[in-house]
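One structure is given below, encoded as structure tokens.
What follows is the structure, encoded as structure tokens:
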């Protein structure tokens, strides 16, 4: 699809809806170039207003950035960065939908599959929706403080993608535009299907699940994901051993592990649960992904 004949939006301001760990680091960095507001929970917002946003890890800086508990207005030429949990995005967008303008751009930066489709279905308008992926890792240490590991941002091709890409790169967010965001999303999904449930079940950093006793489990997850992807018409370039090598470098706690520790609902339905759902659609058995989905749901029930 070509976007050359359509005038692109010039982004003047950014609203981060769902400013947890990931949303906060994006908002903090882009605030150097654009008028930016983080929208998050009360305790986090109050800490940012009082002391600024403290970032540690591979970035060591305190950022002065605007923060609020709700979106009060969406001016023209706004980029809305959607970083809520995948299961919360529809509810969050329904709340803000009346405030959106025709030139609002929504960048969906979440784990899982089907996120941007759910956003478009909720909005039912011509608003530009862009699929984004991130390999940045972040931990929410306490209100007003996060720890970050640098990574890459990948944007789907759309009218405003090049402008957002240039902006992010100028702010220290390594970013590129992909011609095949669907395949990229699947590649990340497979990695997340390995990392998230196992780290959540054992409550360990990512790197610690790369152990010999879990090798069969990890590699079975990957093989099931590949079979389902092929049935969906997606040719993904993943290798179980290469995924192991990647995970060994990750010393952070996964987002699902953090959710379980905090007794919050996870994104399991958008990760391993999505593999199970699509497997059923194509008549493909996914016993390992289904078992992990059931175990995480049991934990959610017990802890919630």
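Numbering (the working numbering), first residue to last: 3 to 306. Each residue gets a CB set at the ideal place from its N, CA and C atoms; glycine is no exception. Quick caveat: nothing in here was measured; it's all calculated off a predicted structure.
For residue 56, the enclosing beta strand (DSSP E) covers residues 55–59.
Secondary-structure assignment with DSSP links residue 144 through a beta bridge to 147.
Secondary structure at residue 138: coil, using DSSP grouped into helix, strand and coil. When 244, 17 and 107 are compared, the shortest CA-CA separation from residue 220 is found for 244. Taking C-beta separations shorter than 7 Å and ignoring five residues to either side along the sequence, the partners of residue 70 in its chain run 39, 41 and 47, following chain order.
Spanning the alpha carbons of residue 27 and residue 17 requires a straight line of approximately 13 Å. If you draw a 10 Å sphere on the C-beta of residue 144, you find fewer than 16 other C-beta atoms in it, and that means exposed. Following the DSSP letters along the chain, one finds residue 68 inside the beta strand (DSSP E) bounded by residues 68–70. Residue 230 sits in a helix when the DSSP states are folded into three classes. Taken in chain order, the whole beta strand (DSSP E) runs of length 3 or more contained in the region 155–228 are 155–158 and 177–180. Sequence-distant Cβ neighbours of residue 172 in its own chain, meaning closer than 8 Å and more than five residues away, are 35. Distance check between residue 104 and each of 45, 239 and 76 places 76 closest, using alpha-carbon atoms only.
Short of 6 Å from the beta carbon of residue 24, and not among the five residues preceding or following it, lie these beta carbons of its own chain, in chain order: 85 and 140. Segment contact: the region 169–186 against the region 194–205, fewer than three CB-CB distances shorter than 8 Å; contact not assigned.
By the neighbour-count criterion, in which a residue is buried when 16 or more other Cβ atoms sit within 10 angstroms of its Cβ, residue 264 is exposed. Closest in alpha carbon position to residue 121, among 137, 142 and 98, is 98. For residue 209 against residue 253, the beta-carbon gap comes to about 6 Å, under 8 Å, which counts as contact. For residue 132, the secondary structure class from DSSP, reduced to helix, strand or coil, is strand. If you draw a 10 Å sphere on the C-beta of residue 189, you find 16 or more other C-beta atoms in it, and that means buried.
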